[in-house]
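> Quick mapping for you: the protein sequence lines, in order, are chains E and A. Numbering-wise (the working numbering), the first sequence opens with residue 1 and increments by one. Numbering-wise (the working numbering), the second sequence opens with residue 1001 and increments by one. Backbone N, C-alpha and C define an ideal beta-carbon position, used for all residues, glycine too. No experiment lies behind these values; they were computed from the predicted model shown. Below is the structure I would like to discuss, written out as structure tokens.
There are 2 protein chains.
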Amino acid sequence: MTQSEQKIATSPSSARERTRAPARARLARILERLNEGGSISVTDIAQEFGISDMTVRRDLAELERDGLLERVHGGAVGLKRGPLEVIDDAEPAFEARTRQNAERKARIAQAAARHVAGRKAIAFDLGTTVLAAANAIVEAGPDPQLRAFSNSLHVGMTMARAGIATYMSGGLIRAEEMSLTGKEAVDGFSRYYFDVVLLGASGMTAEGVFDYSPEEAAVKSVFLQRSAERVLLMDSSKFRRISTVLIATLSEISTLITDAPPPPDLATVLASAGVRVLVADPSHLPERSLE
Amino acid sequence: MTQSEQKIATSPSSARERTRAPARARLARILERLNEGGSISVTDIAQEFGISDMTVRRDLAELERDGLLERVHGGAVGLKRGPLEVIDDAEPAFEARTRQNAERKARIAQAAARHVAGRKAIAFDLGTTVLAAANAIVEAGPDPQLRAFSNSLHVGMTMARAGIATYMSGGLIRAEEMSLTGKEAVDGFSRYYFDVVLLGASGMTAEGVFDYSPEEAAVKSVFLQRSAERVLLMDSSKFRRISTVLIATLSEISTLITDAPPPPDLATVLASAGVRVLVADPSHLPERSLE
DNA sequence: ACAAAAATGTTTTATTATGTTCGAAACGGC
DNA sequence: GCCGTTTCGAACATAATAAAACATTTTTGT
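Here is the structure:
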């Protein structure tokens, strides 16, 4: 599953995650070749590394799940970028992240939109998954009484464009996320209460939920404190990954919406922390609960 | 030139054309050739890839089904127009206004960028002209010490994307302008002082400067109070026009940057109100002052 | 060192892509 | 209009690839 993505930032002390260097090197090399030629074939890769076709397919399947390539009969091709984009110069990093795991995020977003249907005051955190959820809510024909709150410029524009009353905090813009940070951002939300908050994050372990940016942690904290329900949107590639800053312990989360069941160890602690887990199924089943 | 040696993903090591590139890669290549030459023939493609004519036909049929080309006897030709890739879905009204008087606004924006070069704290009001000025400042290679302040989401994203420290107010989003309004917006700027504010407006008479939206007037008022220099950006089509709400009297404006000299009566009152008028000339004269 | 877990390899079976044949249709010259 | 030539498309045959199930090896944690 996630065997190759573990070794990001583990401290030498608590290195209880298994790491497999050879496989990782192979995956990196596969992506490299993909960027060189635009496409790769299964048998070529198998010959290059002296491994079986089956293993190559498994590698490709994993890379595809993480949204890094697209499998086709006989091999794989890179993700199609828009043909000759000259128009929009939206920050490339964000664009790229939007494409990553796009399908999973779409499923999560759909599930989230259904989950919060009917709520009147929704807070939107940062990240591409949350933005996808905002889009899904808009497309689902939102309640006209809905009021949205966010410190993400992307979310704000999305919701406002759809005619939804949208409140933003003030603050200093962090360009990477187009998010508002700092004391103003925290204060801006400190006078409201929300029915539900949709949170994004970059990692989760038994310890809790992690994110990259310390600047944004404070706002997330406010959202957590002031929301009746705290919904975390996170695709399964982030399970068992840690990151810079601990946002919340698991017990602070009401509901986790994801695209695949968490690994057994996480599932256990999630259950004991009272987190409701919704798995957004690829089939059109509305929601599958497994608490 | 690229028709003979175009193995798409052959391994550099041993495997020489032992395996074919995935079918999907072939489709991409076919489209590529179509865009180069305008038309392609079945037999040419078959030879290039070393596949049978029948397979080429199946490929072309698939591409035609996707609306990417038009099959003709013996091959295929490209479509007259690329299949409309509409990526940016910024609100049309704003888009349309951006195009209106685009050339005048560009000239004004250039002049404004030169005018505020070196200032450290710039406040940006709303409107397409001000946004154009923000873009011009970014493209001119802004001072890294510059701090920008705005209640316009468009301006905020533009500046932040360029790596400029950008502060936004909070507030309720007004979708038409993607602006932040209300008490939070006013309060958000009430603790700062600015070297200069770039103001937009929709009309001007001897009485003063007008704009459409009452919601935004309060923020403009704050900008005016707290800025050392108050620069109004307004194209000449707005002279002698009034609008919903009076933002400021002429004496509150330090500088007017426009694209053509104001009519005599306005020029007189502007002069007596102590407004410096800069006309951004279409020729490359930097600035022409006529106070 | 051991046992458990994960990764990889192997075999089998299904699926898909490609090649071939051949009659029908389209094209170009007369 | 006729004709010979080329191209097309349907049907079937074959090769290539994918997926599933199981066996084997490697790694990991105790």
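Assuming valine 196/E and isoleucine 122/E make a contact with CB atoms under 8 Å, what is their CB distance in whole Å?
6 Å
> Check the Cβ of isoleucine 173/E against every Cβ in chain A and list those closer than 7 Å, keeping chain order.
Going along chain A in sequence order, the residues near isoleucine 173/E (Cβ under 7 Å) are Gly1156, Ala1160, Thr1166 and Met1168.
> Between the region 249-259 of chain E and the region 228-238 of chain E, can you find at least three pairs of beta-carbon atoms closer than 8 Å?
yes
> When we look at the beta-carbon of histidine 1115/A and count the other beta-carbons within 10 Å, is it buried (16 or more) or exposed?
buried
> Here's a check: name, in chain order, each residue in its chain whose Cβ is nearer than 8 Å to the Cβ of valine 1086/A, leaving out the five neighbours to either side.
Low confidence applies to valine 1086/A: its pLDDT is 34, below 50, so where it sits in the model is not reliable enough to give any reading.
> Select from the region 174-207 of chain E all residues with a C-beta closer than 7 Å to any C-beta belonging to chain A, and list them in chain order.
Residues are counted here when their Cβ sits less than 7 Å from a Cβ of chain A; for the region 174-207 of chain E these are Ala175, Met178, Leu180, Glu184 and Gly188, given in chain order.
> Which word fits serine 202/E, buried or exposed, when buried means at least 16 other C-beta atoms lie within 10 angstroms of its C-beta?
buried
> Identify every residue that forms a DSSP beta bridge with glutamate 70/E.
Under DSSP, the beta-bridge partners assigned to glutamate 70/E are Val77/E.
> Round the Cβ separation of lysine 1105/A and alanine 1132/A to the nearest angstrom and send it over; I've been treating them as touching at under 8 Å.
5 Å
> Measuring alpha carbon to alpha carbon, tell me which residue in Arg241/E, Arg26/E, Leu232/E and Arg24/E is nearest methionine 198/E.
As written in the sequence, residue 198/E is leucine, which differs from the methionine given in the question. Restricting attention to Arg241/E, Arg26/E, Leu232/E and Arg24/E, the CA atom closest to the CA of leucine 198/E is found in Leu232/E.
> On the criterion of 16 or more Cβ atoms from any shown chain inside 10 Å, does asparagine 1035/A qualify as buried, or is it exposed?
It counts as exposed.
> Could you check the C-alpha separation between arginine 33/E and arginine 230/E for me, to the nearest Å?
42 Å
> When you compare each of Glu215/E, Phe223/E and Thr181/E to arginine 191/E by their alpha carbons, which one comes out closest?
Phe223/E
> What in chain A is Cβ-close to leucine 153/E, meaning under 7 Å?
Leu1153, Gly1156 and Met1157
> So the alpha helix (DSSP H) serine 272/E belongs to, where does it begin and stop?
264-272
> Can you name the residues that DSSP bridges to serine 1152/A?
Ser1179/A
> Alpha carbon to alpha carbon, how far is proline 1144/A from leucine 1079/A?
47 Å
> Over the uninterrupted alpha helix (DSSP H) stretch that includes threonine 249/E, give me the two end residues.
From DSSP, threonine 249/E is part of no alpha helix (DSSP H); its letter is neither H nor E.
> Pop quiz: threonine 181/E and glycine 171/E are said to be a contact at Cβ under 8 Å. What is the actual Cβ separation, rounded to whole angstroms?
With 8 Å as the limit, threonine 181/E and glycine 171/E qualify as a contact, their Cβ atoms being about 5 Å apart.
> Going by DSSP in three states, isoleucine 1108/A sits in which element: helix, strand or coil?
If DSSP states are grouped into helix, strand and coil, isoleucine 1108/A belongs with the helices.
> Cβ closer than 8 Å: which chain A residues qualify as neighbours of valine 72/E?
Pro1022, Ala1023, Arg1024 and Ala1025
> Using the rule of at least 16 other Cβ atoms within 10 Å of the residue's Cβ for burial, across every protein chain shown, is arginine 1081/A buried or exposed?
Caution is warranted here: a pLDDT of 49 is assigned to arginine 1081/A, below 50, making its placement in the model unreliable, and no coordinate value can be reported.
> Determine the direct distance from the alpha carbon of glutamate 103/E to that of alanine 280/E, and round the result to whole angstroms.
11 Å
> Which partner residues of methionine 1234/A appear in the DSSP bridge assignment?
Its beta-bridge partners do not exist; DSSP assigns none.
> Am I right that phenylalanine 1124/A and valine 1155/A are in contact with their C-beta atoms under 8 Å? What's the rounded C-beta distance?
Confirmed, Cβ separation roughly 4 Å.
> Are arginine 161/E and threonine 128/E close, meaning C-beta to C-beta below 7 Å?
no
> Out of Ala273/E, Asp265/E, Val77/E and Ile173/E, point me to the one whose CA is closest to glutamate 215/E's CA.
Ile173/E
> Measure the C-alpha to C-alpha separation of serine 254/E and alanine 165/E and round it to an integer number of angstroms.
Taking the CA atoms as reference points, serine 254/E sits about 25 Å from alanine 165/E.
> Rounding to the nearest angstrom, what Cα-Cα distance links glycine 50/E and aspartate 59/E in this structure?
14 Å
> Relative to the C-alpha of phenylalanine 1094/A, which residue among Ala1175/A, Ile1045/A, Leu1068/A and His1073/A is closest?
Here the closest residue by C-alpha is Ala1175/A.
> Which residues does DSSP pair with glutamate 1229/A in a beta bridge?
Val1196/A
> Go ahead and label tyrosine 1167/A buried or exposed: buried means 16 or more other beta carbons lie within 10 angstroms of its beta carbon, across all protein chains shown.
buried
> Take aspartate 1044/A as the anchor and find which of Lys1120/A, Ser1227/A, Gly1075/A and Ser1179/A has the nearest alpha-carbon.
Gly1075/A
> Considering only the beta carbon of each residue, do leucine 246/E and valine 275/E sit closer than 7 Å?
No, they are not a contact pair.
> Whole angstroms are fine: how far does the CA of isoleucine 30/E sit from the CA of leucine 1069/A?
31 Å
> What are the residues of the region 212-237 of chain E that lie near chain A, defined by any Cβ-Cβ distance shorter than 7 Å?
none
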